[in-house]
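J.: Chains as they are written, first to last, in UniProt numbering: chain A, 1 to 127; chain B, 1 to 127. Once you've had a glance at the structure underneath, I'll fire off some questions.
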DNA sequence: ATACTATATCGTGATATCCCGAAATATATA
DNA sequence: TATATATTTCGGGATATCACGATATAGTAT
């Protein structure tokens, strides 16, 4: 009754039963779980992407760098809202910025940011 | 003073000034913003990914399909918590499932799900 | 039917995020 | 210095998400 490898006939059991039963199966599963730092970093990126306005900002930045007030106009959102979004994108490493006079120009930090959007887009089609 | 193309000398202005000034610049920016459905769908995917446990679940599913109680053991999380995570992943179209006896086996719906994790992973390195 | 296992949903308090006005900071210009 | 524009940060109420026990549902076996 203890099949340890393929899940064609999965070995399942109550969690309470499980704790004092040192099966190697659980160790195997847990070895697949990545480290905390690893997971936390990914989580921060996905959290930054988990907002419609921030997705729109990145879409606009596909075309090149923009200052805050341009994004503000495009999104029709209050200035402080846009600034907060940009802060979050920056903290996650998705965008970078440079100062030019009184303006601050934002750009995508990495083409991977666009690829993330592309992949999410592609998921709609094939299923 | 009205540079409409490159942002080397960006045309910025207060939002209040802006509303009654129909510059084509704003229209251009807004044309870059994707449709609502488009953005909403991406947002749902990224929201589903914006959680450490759900990222861990997907990492485990790289190796093949698993039943709920296996994930429960690997994550050391209560059963209802894991079930709720799986629901969210399923609603976002990231995982699929099939019934086998009393078990329900979950698997990744699309390889794009793994690629999203890979891309997020890769972003740490180059910056 | 009864019992047992596996999974899903519900209800809810704790926590996090969102949105945005108000105030603070920074830079250029008169 | 005073003024105007651009941007960031702060404060806090509204809203959403989280984790999880309790409960419900479904399948299997006796």
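C-beta: ideal position from N, C-alpha, C; glycine also.
Against residue 63 of chain A, what residues of chain B qualify as contacts under a CB-to-CB distance less than 7 Å, listed in chain order?
T.: Taking the first chain and counting its residues from 1, the one referred to as residue 63 of chain A is at position 63. Within 7 Å Cβ-Cβ: 32.
J.: How big is the Cα-Cα spacing for residue 118 of chain A and residue 29 of chain B?
T.: Translated into positions along the first chain, residue 118 of chain A becomes position 118. Translated into positions along the second chain, residue 29 of chain B becomes position 29. Distance between the alpha carbons of residue 118 of chain A and residue 29 of chain B is about 19 Å.
J.: Between which residues of its own chain and residue 71 of chain A is the CB-CB distance below 7 Å, once the five residues before and five after are set aside?
T.: The residue you call residue 71 of chain A lines up with position 71 of the first chain. Closer than 7 Å at Cβ, skipping near neighbours: 57, 60 and 82.
J.: Per the DSSP calculation, residue 96 of chain A is bridged to which residue(s)?
T.: Against the first chain, residue 96 of chain A aligns to sequence position 96. Paired residues: A:107.
J.: Give, in chain order, every residue of the stretch 90-121 of chain A whose Cβ lies closer than 7 Å to some Cβ of chain B.
T.: Against chain B - using a Cβ distance shorter than 7 Å - the residues of the stretch 90-121 of chain A are 93, 103, 105, 109, 110, 112, 115, 116, 117, 119, 120 and 121.
J.: Residue 122 of chain B: buried (16+ other C-beta within 10 angstroms of its C-beta) or exposed?
T.: Taking the second chain and counting its residues from 1, one reaches residue 122 of chain B at position 122. Classification for residue 122 of chain B: exposed.
J.: Comparing C-alpha positions only, which one of A:89, A:69, A:39 and A:74 sits nearest to residue 102 of chain A?
T.: Here residue 102 of chain A corresponds to residue number 102 of the first chain, with the count starting at 1. Measuring from the Cα of residue 102 of chain A, the nearest candidate turns out to be A:69.
J.: With DSSP as the reference, label residue 66 of chain A as helix, strand or coil.
T.: Residue 66 of chain A sits at position 66 when you count from the first residue of the first chain. Three-state DSSP puts residue 66 of chain A in a strand.
J.: Please check if any C-beta of chain B sits within less than 9 Å of the C-beta of residue 87 of chain A.
T.: In the first chain, residue 87 of chain A corresponds to position 87, counting from 1. For residue 87 of chain A, the answer is no, since every Cβ of chain B falls outside 9 Å of its Cβ.
J.: Distance, Cα to Cα, residue 109 of chain A vs residue 39 of chain B?
T.: Against the first chain, residue 109 of chain A aligns to sequence position 109. Against the second chain, residue 39 of chain B aligns to sequence position 39. Spanning the two alpha carbons is a distance of roughly 21 Å.
J.: Would you say residue 84 of chain A faces chain B, with C-beta separation under 9 Å as the test?
T.: Here the question's residue 84 of chain A lines up with position 84 in the first chain. Taking Cβ atoms only, chain B never reaches closer than 9 Å to residue 84 of chain A, which makes this a no.
J.: In the DSSP assignment, find the unbroken alpha helix (DSSP H) run with residue 39 of chain A in it and report its ends.
T.: Within the first chain, the letter at position 39 stands for residue 39 of chain A. Counting along the chain, the alpha helix (DSSP H) containing residue 39 of chain A begins and ends at 36-49.
J.: With a threshold of 7 Å on Cβ separation, who are the neighbours of residue 113 of chain B within its own chain once the five nearest residues in sequence on each side are excluded?
T.: Residue 113 of chain B sits at position 113 when you count from the first residue of the second chain. Once the five neighbours on either side are set aside, the close Cβ partners of residue 113 of chain B are 58 and 94.
J.: Kindly indicate which three-state DSSP category residue 82 of chain A falls into: helix, strand or coil?
T.: Mapped onto the first chain, residue 82 of chain A falls at position 82. Helix.
J.: If we cut at 9 Å on Cβ distances, does residue 59 of chain A have a partner in chain B?
T.: Locating residue 59 of chain A in the first chain gives position 59, counting from the first residue. So, interface residue.
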